[in-house]
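Remarks on the structure that follows.
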Amino acid sequence: MNQYKWSPYIEKIKIDEKKTCIYSYITNKQIIVSSNDASRGTIYLDSKKARLLIDNGFICKTEDDPYIVFMNQRDLERYSSSILDVVLHLNYDCNLACPYCYQNSLPKTITMSEQVIHNVIDNLNIMIKDHNSSKLFLTLIGGEPTLHFGIVEILFKSMKSIKIPISGEVVTNGTLLSDGYVEQCLKLGIDTFDITLDGTKETHDKLRIHRDGSGSFDEIINNILNIQNKYNDANLTINYNLSKQTAENVETFCEYLQKIGYTGQLSFSLIFEPPESDYKGAFQNHDNIWRIANSTAAKYNFNNAPFYRTPHLFCPMYNKSSYFIDPQGFIWSCINGIGKSHYYQGPINSQNDWHQMTIRARRLETLNTPRQICKYCKFLPVCTGCCSYLNEEKHFHCLRGLYQNNEVPLLKKQILESITEQRKRGQDA
Amino acid sequence: MSFKSTKQKYKSKYVFRVCFKGEDYLVNKMLDYSELDNNSFDEPFYFRSTLDELALYRYYFKKKYCTWQSPILNVRSKADENIILNYVAENNIFHSIQIVYSNDTLYEHDIFHIDNKMINLVRHKTFKIYTDENTFTNGQIPQLYYNSLNSIGLGLISPINRSISDSTVRFKMEIHQQILNKINWINSFTVD
């Protein structure tokens, strides 16, 4: 029997006097142990059992530094080659003018040219070979990626040269989701449509406005219902922007979705204030508004997992196989950092030049180290030291309070409910 | 974006010049890479800082040695150690084999094991990583799986499955440990 200790990256959830559930933030797995064992500083196990628990992120050897162990496991994940994850910005222009959009600071509108599209696709094929990827996950984003249908048609046509399976999503405001666009996406394997709404018609039409000041709510809902009714293969997600203006309307909105028969997903995002913006609608860390919104949505059968909006283990910025490509064919380290020189990596066609590789290596290997204060925080695997963009552009933005007030209660509730359900089923059996 | 000035760059101590068939080559022995010496001061021979040089070596080594490939081999239905060994050998898979642990291999208590497929779903939703090609073709995720996911928030609590032997589990762990050891070595590596 050897000595081990609990990893710091776990959540202990008391079930009753005798048993405690241990949830690992590293692997998202859970085990049930006796409350005595859960409260011990040192636990004794034979090496075979211990290896399983170490590998699943529950314990570590007493002499090991759990932070180093975690970072090594994280390296295994972020250097994985399986998926080539590409975020493709087709254009920087939009038919809406939302006050909190980070792209408001971009100096001009740009649309991807036909030449750049061919260049990007050729280089995606090189990346696939280089990374030995078995799948391409493609996110189409803008500006508004549905704005220039001609560009999308050229893109889809040239993507036929990609020989590995493709899946992906379109992040859109939903105003221009025509049948033709949806059909093209589905043919290619891009089957998820992530549509952003700012609450009910009343608030949405004040925030997500056309250039002429008119609202966009009705046309978006029409498009959503059209896709839902016509295309069974399409996965719809409404992304509800939570801000000071929209938070009060979650229940009304859920009632409305139920009334119109919406059957897709409903997720929530907390808006952050872009560094250059005057927008002041974002909530502060200690607010529990995200939990309230998700609990409200759950009453209407729109269920979400805890931590579903946070990157697991690392931000894509630190993933070997993640690329953010702008409409001019340049690679950037961060989706929000596009246009800022320290996030610039270089043109896509020189991705394997040593100079560009060094820039990428610098981002992946020296700029990803969490602060001292974060190293043993239990949330490190889900928070990853907080958004590097916000850390670098604004100030260190600890999410601990946010998680403690929002995600953890949701996690506890769901785990306890599942255990009750299991026990009930066991009794029935 | 590039830094061409010699003042801003230094020559790596791992770089040396060789003459081959009358031509001068620069060699970076850490990367096992050589180029004709054309008097440029670029990477991977000249660097802006030791941090850059170290970052490049770590990136290079991790990319080379610390990766594994998917798709995942689902061993539940065809759990045979030889199949797994062959597959691993042929495809350099070190980590992504789906294994469902049997209950008795774990620490004397009930196990709530969340099926890896479900974790993949969570990761797909949160991080857009998507690894199980057997179950979800063409990127489609059946509503059934969403429902299962939603039922407890994170995934299914899978039934105990004894279709894989302990030796295979151990094998996977050993391979995993070898890679972790390699990462340890790379992470402890310094330029100076």
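For the record, the sequence lines run as chains A and B.
Per numbering that gives the first Met the number 0, the very first residue in the first sequence carries number 0; after that it's consecutive.
Per numbering that gives the first Met the number 0, the very first residue in the second sequence carries number 0; after that it's consecutive.
Built from N, CA and C at the ideal position, the CB exists for glycine as well.
All of these numbers come straight from a predicted model, not from anything done at the bench.
Chain A contact for residue 108(B) (CB, 7 Å cutoff): Residue numbering aside, residue 108(B) sits at position 109 when the second sequence is read from its first letter. Residue placement at residue 108(B) is poorly supported in this model, since its pLDDT is 26, which falls under 50; the coordinates are not used for a value here.
Short CB-CB distance (under 7 Å) between residue 58(B) and chain A: On the second sequence, position 59 is the one that residue 58(B) refers to. It does; some Cβ of chain A falls within 7 Å.
Completely contained alpha helix (DSSP H) runs for the stretch 280–344 of chain A, where each covers 4 or more residues: 288–298
Contact under 7 Å by Cβ, residue 8(B) with residue 47(B): Reading the second sequence from its first residue, position 9 is the one you call residue 8(B). Reading the second sequence from its first residue, position 48 is the one you call residue 47(B). Closer than 7 Å, so yes.
Per-residue DSSP class, three states only, for residue 60(A): For this step, residue 60(A) is matched to residue 61 along the first sequence. Here residue 60(A) sits in strand by DSSP.
Same chain, Cβ closer than 8 Å to residue 179(A), five either side skipped, listed in chain order: On the first sequence, residue 179(A) is found 180 positions in, with the first residue counted as 1. For residue 179(A), where only same-chain residues beyond five positions count, the Cβ hits under 8 Å are 148.
Residue closest to residue 271(A), alpha-carbon to alpha-carbon, out of 265(A), 283(A), 264(A) and 260(A): Counting from 1 along the first sequence, the entry for residue 271(A) is found at position 272. Of the candidates 265(A), 283(A), 264(A) and 260(A), the one whose C-alpha sits nearest the C-alpha of residue 271(A) is 283(A).
Pair within 7 Å by beta-carbon distance, residue 336(A) and residue 255(A): Taking the first sequence and counting its residues from 1, the one referred to as residue 336(A) is at position 337. Taking the first sequence and counting its residues from 1, the one referred to as residue 255(A) is at position 256. No, they are not a contact pair.
Per-residue contacts from residue 71(A) into chain B (C-beta, under 8 Å): Against the first sequence, residue 71(A) aligns to sequence position 72. Near residue 71(A) (Cβ distances below 8 Å), the residues of chain B are 179, 182, 183 and 186.
Distance, residue 215(A) Cα to residue 145(A) Cα: Position 146 of the first sequence holds residue 145(A). Position 216 of the first sequence holds residue 215(A). Spanning the two alpha carbons is a distance of roughly 15 Å.
Counted within 10 angstroms of its Cβ, other Cβ atoms place residue 88(A) as buried (16 or more) or exposed: Against the first sequence, residue 88(A) aligns to sequence position 89. Buried, by the Cβ-count rule.
Closest by C-alpha distance to residue 394(A), when choosing among 317(A), 407(A), 155(A) and 370(A): Here residue 394(A) refers to the residue found at position 395 of the first sequence. The option with the nearest alpha carbon to residue 394(A) is 370(A).
7 Å Cβ cutoff, residue 61(B) in contact with chain A: In the second sequence, counting from the first residue as 1, residue 61(B) sits at position 62. It does; some Cβ of chain A falls within 7 Å.
Proximity test, Cβ basis, 7 Å: residue 114(B) and chain A: Here residue 114(B) is taken as the residue at index 115 of the second sequence, counted from 1. Any reading at residue 114(B) needs caution, since the residue's pLDDT is 32, under 50, leaving its predicted position unreliable; the model's value is listed next. With 7 Å as the cut-off, residue 114(B) does not count as an interface residue toward chain A.
As assigned by DSSP and simplified to three states, the class of residue 168(A): Taking the first sequence and counting its residues from 1, one reaches residue 168(A) at position 169. Strand at residue 168(A).
Three CB pairs or more closer than 8 Å across the stretch 134–145 of chain A and the stretch 68–87 of chain A: yes
Bounding residues of the alpha helix (DSSP H) (the contiguous stretch that carries residue 68(A)): Residue numbering aside, residue 68(A) sits at position 69 when the first sequence is read from its first letter. Run containing residue 68(A): 65–77, per the alpha helix (DSSP H) assignment.
Proximal residues of chain A, C-beta to C-beta of residue 50(B) below 8 Å: Translated into the one-based positions of the second sequence, residue 50(B) becomes position 51. Residues of chain A passing the Cβ test: 361 and 365.
Chain B contacts made by the stretch 344–356 of chain A, where a contact means CB separation under 8 Å: 345, 353, 354 and 356
Chain-ordered chain A contacts of residue 35(B) [CB-CB under 9 Å]: Position 36 of the second sequence, counted from the start, is the residue given in the question as residue 35(B). Ordered by position in chain A, no residue passes the 9 Å Cβ test against residue 35(B), which lies about 14 Å from the chain.
Contact under 7 Å by Cβ, residue 348(A) with residue 122(A): Residue mapping note: residue 348(A) aligns to position 349 of the first sequence, counting from 1. Residue mapping note: residue 122(A) aligns to position 123 of the first sequence, counting from 1. In this structure, residue 122(A) lies closer than 7 Å to residue 348(A) by Cβ.
Residue of 162(A), 265(A) and 220(A) minimising C-alpha distance to residue 295(A): Residue 295(A) sits at position 296 when you count from the first residue of the first sequence. Comparing Cα-Cα distances from residue 295(A) to each of 162(A), 265(A) and 220(A), the minimum goes to 265(A).
Contacting positions in the stretch 318–339 of chain A - beta carbon closer than 8 Å to chain B: 319
Test: residue 41(B) CB closer than 7 Å to a CB of chain D: Annotation note: the requested chain D is absent from the structure, which comprises protein chains A and B.
Whole beta strand (DSSP E) elements within the stretch 178–221 of chain A, 3-residue minimum: 189–196
Of the listed residues 183(B), 64(B) and 180(B), nearest to residue 30(B) (C-alpha basis): Working through the second sequence from its first residue, we reach residue 30(B) at position 31. If we check each option's Cα against that of residue 30(B), 64(B) comes out closest.
Three-state class that DSSP yields for residue 124(A) in the structure shown: Working through the first sequence from its first residue, we reach residue 124(A) at position 125. Helix.
7 Å Cβ cutoff, residue 78(A) in contact with chain B: In the first sequence, counting from the first residue as 1, residue 78(A) sits at position 79. Yes, because at least one Cβ of chain B sits closer than 7 Å to the Cβ of residue 78(A).
Residue interval of the alpha helix (DSSP H) (run including residue 148(A)): Position 149 of the first sequence, counted from the first residue, corresponds to residue 148(A). Start and end: 148–157.
Partners in chain A for residue 55(B), counting only beta-carbon separations shorter than 7 Å: Position 56 of the second sequence, counting from 1, holds the residue named residue 55(B). Simply 356, 357 and 360.
Rounded Cβ spacing between residue 331(A) and residue 344(A) (contact assumed at less than 8 Å): Here residue 331(A) refers to the residue found at position 332 of the first sequence. Here residue 344(A) refers to the residue found at position 345 of the first sequence. About 6 Å; that satisfies the 8 Å criterion.
Bridge partner(s) assigned by DSSP for residue 4(A): Taking the first residue of the first sequence as position 1, residue 4(A) is located at position 5. Paired residues: 59(A).
Own chain, CB closer than 6 Å to residue 45(B), minus 5 neighbours either side, in chain order: As a working mapping, residue 45(B) is identified with position 46 in the second sequence. Answer for residue 45(B): 8 and 10, listed in chain order.
Whole-number beta carbon distance between residue 174(A) and residue 218(A), since they are thought to touch under 8 Å: What you label residue 218(A) is simply residue 219 of the first sequence in a count that begins at 1. What you label residue 174(A) is simply residue 175 of the first sequence in a count that begins at 1. That belief holds up - the Cβ atoms of residue 218(A) and residue 174(A) are roughly 5 Å apart, short of 8 Å.
Of the residues 38(A), 93(A) and 251(A), the one placed nearest residue 210(A), counting alpha carbons only: The count along the first sequence starts at 1 and reaches residue 210(A) at position 211. Considering only alpha carbons, the answer is 93(A).
Closest by C-alpha distance to residue 293(A), when choosing among 16(A), 360(A) and 408(A): Sequence index remark: in the first sequence, residue 293(A) carries index 294 (1-based). For residue 293(A), the nearest C-alpha among the options comes from 408(A).
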